[in-house]
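In terms of the UniProt record's numbering, the sequence shown opens at residue 1 and continues consecutively.
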Amino acid sequence: MTTPTAPAPARAATPPAPVRPLSLPRTTATAARVLRQLSHDPRTIALLMLIPCVMLFLLRYVFDGSPRTFDNIGASLLGIFPLITMFLVTSIATLRERTSGTLERLLAMPLGKGDLIAGYALAFGALAIVQSALATGLAVWFLDLDVTGSPWLLLLVALLDALLGTALGLFVSAFAASEFQAVQFMPAVIFPQLLLCGLFTPRDDMHPALEAVSDVLPMSYAVDGMNEVLRHTDMTAGFVRDALIVAGCALLVLALGAATLKRRTA
């Protein structure tokens, strides 16, 4: 008769990671590390800085015989191009941290999720300032984009759009298992906004259901903000509303990115 074996002791549950308050030194250290890594990747730097400028340059001469058309859509694309490029680069760079195990090692240190997300946002935000300044300067002073308002307001909206792209890239990287999958999120996240933002047709002319969807998409307000600068000499209440909505969406998506950040990689 066999002697019954004692049941194995239950494994103690792993205590949840403590919630650490956001720390400026840890955040800036994370941002500095990300910038150092990017400095060793000149192709990524070139993608971030040059692609929006090249696209605007091509667009200007595609409509060489109709410069007014460039004036009508150039301002909108000045905000859309930085959003797209920052989304792509941020999602791939963050996913690379996850799959290489760097993210898990970082979170094993005295580094909170908020510090990590804020550090990435700070690093890519610094790049977004340079990117937006280059694209805005090229469009206004070299490609003769005719705007009624201040070019500084164009720069502000372009910067907010780039930060929104950064936030979206950080968020969707949590749901991708490879860099290819991160790129596949672009049709789901970016393309619907591109079609419904009012770039191709006024949102008022769309089917009511599509217009209602466009009302909750942040890119719609980015385009509206650019159009406010295009048509008005002074900062309008509509511009302030649009800029605040884009900024609020960026902050909301960053918070969601911190909430979905996993301590362990799959």
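All C-beta atoms in this analysis are idealised placements derived from N, C-alpha and C, irrespective of residue type, glycine included.
Item checked: Cutoff 7 Å; reference F63; Cβ partners in own chain excluding five residues on either side -> The residues are T69 and F70.
**Message:** Can you confirm whether the region 42-50 touches the region 78-94 when touching is taken to mean that 3 or more C-beta pairs between the two stretches lie within less than 8 Å?
**Reply:** They touch, by the three-pair rule.
**Study point:** Close beta carbons around G238, own chain, < 6 Å, minus the five adjacent residues each side
**Key:** If you ignore the 5 residues before and after G238, its C-beta comes within less than 6 Å of the C-beta of E228, all in its own chain and listed in chain order.
Alpha carbon of A177 to alpha carbon of A93, nearest angstrom:
Annotation: A177 to A93 spans about 13 Å, alpha carbon to alpha carbon.
Three-state secondary structure (DSSP) of A10: Because A10 sits at a pLDDT of 48, beneath the cut-off of 50, its placement in the model cannot be relied upon, and the point is left open.
Can you tell me whether F142 is helix, strand or coil according to DSSP?
Three-state DSSP puts F142 in a helix.
Can you tell me where the alpha helix (DSSP H) with F175 in it begins and where it stops?
Counting along the chain, F175 falls outside any alpha helix (DSSP H), and DSSP gives it neither H nor E.
Practice task
Between the Cα of C249 and those of L83, G65, P202 and T148, spot the shortest distance and give me the residue it belongs to.
Solution key: When each option's Cα is compared against that of C249, the closest is L83.
- [ ] Please list, in chain order, all residues of the same chain as A139 whose beta carbon is under 7 Å from its beta carbon, the five residues on each side excluded.
- [x] Within the same chain, A139 has close Cβ partners L56, G74, L78 and L145.
Query raised in the report: Should V157 and G114 be called a contact, given that it needs their Cβ atoms to be closer than 7 Å?
Result: G114 sits away from V157, with the two beta carbons spaced by 7 Å or more.
Exercise. How would you label D161, buried or exposed, when you count the other beta carbons within 10 angstroms and need 16 or more for buried?
Worked result: With 16 or more Cβ atoms within 10 Å of its Cβ, D161 is classed as buried.
Under 7 Å between the Cβ atoms of P208 and V246? Pairing P208 with V246 gives a Cβ-Cβ distance that is not under 7 Å.
- F180, DSSP secondary structure in three states: For F180, the secondary structure class from DSSP, reduced to helix, strand or coil, is helix.
Nearest-angstrom Cα separation, counted from S23 out to residue 288: With the chain represented from 1 up to 266, any question about residue 288 goes unanswered, as that position is not in the structure.
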